[in-house]
Amino acid sequence: MGSAVGADFSDEDLAVAEKLWALTELPETVREAREAAWGLAGFGLAYPVIMGVTRSAEAAGGAAIQFLFSWLLGLVAWGFIRGASGVRVLAIILALAQAVVGWRTQPNDIPFEQWIVAVLFSLGTSSAVVYQLCRAEAKEWFGADV
78 MGSAVGADFS
88 DEDLAVAEKL
98 WALTELPETV
108 REAREAAWGL
118 AGFGLAYPVI
128 MGVTRSAEAA
138 GGAAIQFLFS
148 WLLGLVAWGF
158 IRGASGVRVL
168 AIILALAQAV
178 VGWRTQPNDI
188 PFEQWIVAVL
198 FSLGTSSAVV
208 YQLCRAEAKE
218 WFGADV
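With positions in the sequence shown counted from 1, the corresponding number in the working numbering is that position plus 77.
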(Lines of atoms letter the chains of each structure in order from A and count residues from 1; the text may use other names and numbers.)
(Lines give C-alpha, C1' and ligand atoms only; values in the text may rest on other atoms or scores of the structure.)
Protein backbone atom coordinates (compact mmCIF):
# COMPACT_ATOMS: atom_id res chain seq x y z
CA MET A 1 0.00 0.00 0.00
CA GLY A 2 2.81 2.39 0.70
CA SER A 3 4.80 1.52 -2.44
CA ALA A 4 6.41 4.20 -4.58
CA VAL A 5 4.83 4.94 -7.94
CA GLY A 6 7.86 3.76 -9.97
CA ALA A 7 8.27 0.58 -7.93
CA ASP A 8 5.47 -1.15 -9.86
CA PHE A 9 7.26 -0.85 -13.21
CA SER A 10 10.06 -3.04 -14.51
CA ASP A 11 13.17 -1.66 -16.18
CA GLU A 12 11.76 -2.88 -19.49
CA ASP A 13 8.51 -0.95 -18.90
CA LEU A 14 10.46 2.20 -18.09
CA ALA A 15 12.62 1.78 -21.22
CA VAL A 16 9.50 1.49 -23.40
CA ALA A 17 7.98 4.55 -21.72
CA GLU A 18 11.18 6.55 -22.30
CA LYS A 19 11.22 5.50 -25.96
CA LEU A 20 7.59 6.56 -26.40
CA TRP A 21 8.28 9.85 -24.61
CA ALA A 22 11.20 10.54 -26.98
CA LEU A 23 8.85 10.08 -29.95
CA THR A 24 6.57 12.84 -28.69
CA GLU A 25 9.31 15.24 -27.57
CA LEU A 26 9.45 18.04 -30.12
CA PRO A 27 12.55 19.97 -31.13
CA GLU A 28 12.24 23.74 -30.81
CA THR A 29 11.66 24.32 -34.54
CA VAL A 30 8.78 21.84 -34.68
CA ARG A 31 7.26 23.13 -31.43
CA GLU A 32 7.35 26.70 -32.77
CA ALA A 33 5.75 25.61 -36.05
CA ARG A 34 3.02 23.77 -34.14
CA GLU A 35 2.33 26.75 -31.87
CA ALA A 36 2.20 29.11 -34.86
CA ALA A 37 -0.20 26.75 -36.65
CA TRP A 38 -2.45 26.55 -33.60
CA GLY A 39 -2.36 30.34 -33.19
CA LEU A 40 -3.29 30.81 -36.84
CA ALA A 41 -6.13 28.30 -36.50
CA GLY A 42 -7.40 30.04 -33.36
CA PHE A 43 -7.35 33.40 -35.10
CA GLY A 44 -9.03 31.76 -38.08
CA LEU A 45 -11.87 30.62 -35.83
CA ALA A 46 -12.25 33.88 -33.91
CA TYR A 47 -12.03 36.23 -36.92
CA PRO A 48 -15.22 35.03 -38.68
CA VAL A 49 -17.12 35.14 -35.38
CA ILE A 50 -15.99 38.72 -34.76
CA MET A 51 -16.89 39.71 -38.32
CA GLY A 52 -20.30 38.09 -37.92
CA VAL A 53 -21.00 39.93 -34.67
CA THR A 54 -19.64 43.32 -35.75
CA ARG A 55 -20.38 43.30 -39.49
CA SER A 56 -22.67 40.80 -41.19
CA ALA A 57 -23.18 37.16 -42.06
CA GLU A 58 -21.60 37.83 -45.46
CA ALA A 59 -18.49 39.25 -43.77
CA ALA A 60 -18.34 36.22 -41.49
CA GLY A 61 -18.59 33.88 -44.46
CA GLY A 62 -15.85 35.71 -46.32
CA ALA A 63 -13.61 35.68 -43.26
CA ALA A 64 -14.24 31.95 -42.83
CA ILE A 65 -13.19 31.29 -46.43
CA GLN A 66 -10.15 33.51 -45.93
CA PHE A 67 -8.96 31.27 -43.05
CA LEU A 68 -10.24 27.86 -44.15
CA PHE A 69 -6.77 26.37 -44.58
CA SER A 70 -5.71 27.61 -41.14
CA TRP A 71 -8.25 25.29 -39.54
CA LEU A 72 -6.91 22.30 -41.47
CA LEU A 73 -3.34 23.31 -40.63
CA GLY A 74 -4.23 23.47 -36.93
CA LEU A 75 -5.63 19.94 -37.09
CA VAL A 76 -2.60 18.61 -38.96
CA ALA A 77 -0.30 20.15 -36.32
CA TRP A 78 -1.75 17.67 -33.80
CA GLY A 79 -0.07 14.95 -35.87
CA PHE A 80 3.49 16.23 -35.48
CA ILE A 81 5.38 13.10 -34.43
CA ARG A 82 8.92 11.91 -35.11
CA GLY A 83 9.28 10.34 -38.53
CA ALA A 84 5.95 11.64 -39.90
CA SER A 85 7.46 13.16 -43.04
CA GLY A 86 4.10 13.19 -44.84
CA VAL A 87 2.55 15.23 -42.04
CA ARG A 88 5.35 17.79 -42.40
CA VAL A 89 4.80 18.06 -46.16
CA LEU A 90 1.03 18.40 -45.68
CA ALA A 91 1.55 21.14 -43.08
CA ILE A 92 3.82 23.05 -45.47
CA ILE A 93 1.28 22.75 -48.30
CA LEU A 94 -1.57 23.92 -46.04
CA ALA A 95 0.49 26.86 -44.73
CA LEU A 96 1.28 27.93 -48.30
CA ALA A 97 -2.37 27.52 -49.31
CA GLN A 98 -3.41 29.61 -46.30
CA ALA A 99 -1.01 32.37 -47.32
CA VAL A 100 -2.35 32.43 -50.89
CA VAL A 101 -6.05 32.19 -50.01
CA GLY A 102 -5.64 34.65 -47.13
CA TRP A 103 -4.11 37.15 -49.54
CA ARG A 104 -6.44 36.56 -52.50
CA THR A 105 -9.74 36.59 -50.57
CA GLN A 106 -11.15 40.05 -49.88
CA PRO A 107 -14.74 39.91 -48.63
CA ASN A 108 -16.81 42.93 -49.66
CA ASP A 109 -18.22 43.58 -46.19
CA ILE A 110 -14.84 43.80 -44.43
CA PRO A 111 -13.14 47.21 -44.37
CA PHE A 112 -9.67 47.34 -45.91
CA GLU A 113 -8.00 48.18 -42.58
CA GLN A 114 -9.35 45.04 -40.91
CA TRP A 115 -8.72 42.90 -43.98
CA ILE A 116 -5.06 43.95 -44.30
CA VAL A 117 -4.37 43.16 -40.63
CA ALA A 118 -5.82 39.67 -41.14
CA VAL A 119 -3.82 39.25 -44.36
CA LEU A 120 -0.55 40.32 -42.76
CA PHE A 121 -1.13 38.01 -39.79
CA SER A 122 -1.95 35.14 -42.15
CA LEU A 123 1.11 35.76 -44.34
CA GLY A 124 3.47 36.19 -41.41
CA THR A 125 2.28 33.18 -39.47
CA SER A 126 2.07 30.92 -42.53
CA SER A 127 5.61 31.95 -43.47
CA ALA A 128 6.81 31.18 -39.96
CA VAL A 129 5.30 27.68 -40.13
CA VAL A 130 6.96 26.97 -43.49
CA TYR A 131 10.29 28.40 -42.33
CA GLN A 132 10.35 26.36 -39.11
CA LEU A 133 9.36 23.13 -40.86
CA CYS A 134 12.05 23.62 -43.54
CA ARG A 135 14.88 24.03 -41.04
CA ALA A 136 17.41 21.20 -40.80
CA GLU A 137 16.43 20.22 -37.24
CA ALA A 138 12.76 19.82 -38.20
CA LYS A 139 13.56 17.94 -41.40
CA GLU A 140 15.80 15.53 -39.52
CA TRP A 141 13.21 14.96 -36.77
CA PHE A 142 10.45 14.28 -39.29
CA GLY A 143 12.81 12.01 -41.25
CA ALA A 144 12.42 14.08 -44.41
CA ASP A 145 14.64 13.56 -47.43
CA VAL A 146 14.21 17.13 -48.63
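A virtual CB, placed ideally from N, CA and C, is assigned to each residue, including glycine.
At least 9 Å separates the beta-carbon of residue 114 from that of residue 176. Using a Cβ distance threshold of 9 Å, residue 220 and residue 161 count as a contacting pair.
DSSP places residue 103 outside both helix and strand once states are collapsed to three, so it counts as coil.
Per DSSP, reduced to three states, the secondary structure at residue 116 is helical. Secondary structure at residue 143: helix, using DSSP grouped into helix, strand and coil. The segment 145-179 is shown to contain whole alpha helix (DSSP H) runs of 4 or more residues at 145-154, in chain order. Collapsing the DSSP output to three states places residue 219 in a helix. When Cβ pairs closer than 8 Å are counted between the two stretches, the segment 117-135 is seen not to touch the segment 87-95, the count staying below three. Taking C-beta atoms as the reference points, residue 123 and residue 205 fail to come closer than 9 Å. Contact between residue 129 and residue 144 does not hold, since the beta-carbon distance rounds to 13 Å and is not under 8 Å. Burial of residue 209 is indicated by the presence of at least 16 other C-beta atoms within 10 angstroms of its C-beta. Here residue 191 carries a helix assignment [DSSP, helix/strand/coil]. Going by C-alpha positions, residue 150 is about 14 Å away from residue 141. For the pair residue 213 and residue 106, the Cα-to-Cα distance works out to about 9 Å.
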